[in-house]
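As they're listed, the protein sequences go chains W and U.
Residue numbering for the first sequence follows our numbering, beginning at 48 and increasing consecutively.
Residue numbering for the second sequence follows our numbering, beginning at 1192 and increasing consecutively.
Ideal placement from N, C-alpha and C gives every residue a C-beta, glycine not left out.
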Amino acid sequence: NAGVMQNPRHLVRRRGQEARLRCSPMKGHSHVYWYRQLPEEGLKFMVYLQKENIIDESGMPKERFSAEFPKEGPSILRIQQVVRGDSAAYFCASSPKVAGGPTDTQYFGPGTRLTVL
Amino acid sequence: ILNVEQSPQSLHVQEGDSTNFTCSFPSSNFYALHWYRWETAKSPEALFVMTLNGDEKKKGRISATLNTKEGYSYLYIKGSQPEDSATYLCAFWGTYKYIFGTGTRLKVLA
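Below, the structure written as structure tokens:
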């Protein structure tokens, strides 16, 4: 059973470009979480999704950031008009729907390291 | 203001020593507490999900306890081995908030 997959592993963008980060959850997992780790900082929650539904986006910046988890295909974290401050490691995690939500074990992907020039 | 604090920040122990770390979190609106082990250049690996006051969980030489009324959890490692060297993270999930601590960096010396 393959683990959580993220691609690309490294992404370089120039200021003003768009960044698309993909997360394929483990087989059978219907919940996805996105986290960001800024340089010299800890992990910060961004958004929690289940298929076709955003459950909690309280950690998402209000502008330029969006996330989706369609019925088919990976979850996408999209950053429009990137700025240098968006440079970070972006991790996604997935969980099965057992109890549903924060009481389920989360399995992390390897992360995407975004560098904005 | 919600805050999750872990202590100590870093720790060096000799192989074979037992050790423990603390995670302090808000005692209100508690939903779950997660412990992760995070090795350098890898991704966080789930250790425990704890939900009930008084919970005790164990996985091999690692165990954890939970006190939701006073807002703390302890992680214990018995007989530390060099392969236990990692950062140990706790994460608090409260109502509409999921907050990570900054971690305890453990180095086990052979």
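Within the same chain, Cβ atoms closer than 7 angstroms to the Cβ of asparagine 1211/U are found at Tyr1265, Leu1266 and Tyr1267, the five residues on either side in sequence being excluded.
Interface residue (Cβ-Cβ distance to chain U less than 8 angstroms): glycine 75/W is not classified as such.
Here arginine 111/W carries a coil assignment [DSSP, helix/strand/coil]. Residues of the segment 1286 to 1301 of chain U whose Cβ lies closer than 9 angstroms to any Cβ of chain W, in chain order: Tyr1287, Lys1288, Tyr1289, Ile1290, Phe1291, Gly1292, Thr1293 and Gly1294.
Within the segment 82 to 140 of chain W, the runs of beta strand (DSSP E) at least 3 residues long that lie entirely inside it are, in chain order, 90 to 97, 100 to 103, 112 to 115 and 122 to 126. For threonine 1242/U, the neighbours in chain W by C-beta distance under 8 angstroms run, in chain order, Thr150.
In this structure, the beta-carbon distance from tyrosine 154/W to arginine 83/W does not fall below 8 angstroms. The residue from Trp1284/U, Val1299/U, Thr1259/U and Thr1286/U with its alpha-carbon nearest to that of serine 1271/U is Val1299/U.
Between the alpha carbons of valine 163/W and serine 1276/U lies a gap of roughly 32 angstroms. By the neighbour-count definition (other C-beta atoms within 10 Å, threshold 16), glycine 63/W is an exposed residue. With at least 16 other beta carbons inside 10 angstroms of its own, serine 141/W counts as buried. Straight-line spacing of the CA atoms in tyrosine 80/W and alanine 1301/U works out to 37 angstroms.
Per DSSP, the unbroken beta strand (DSSP E) holding methionine 52/W starts and ends at 52 to 54.
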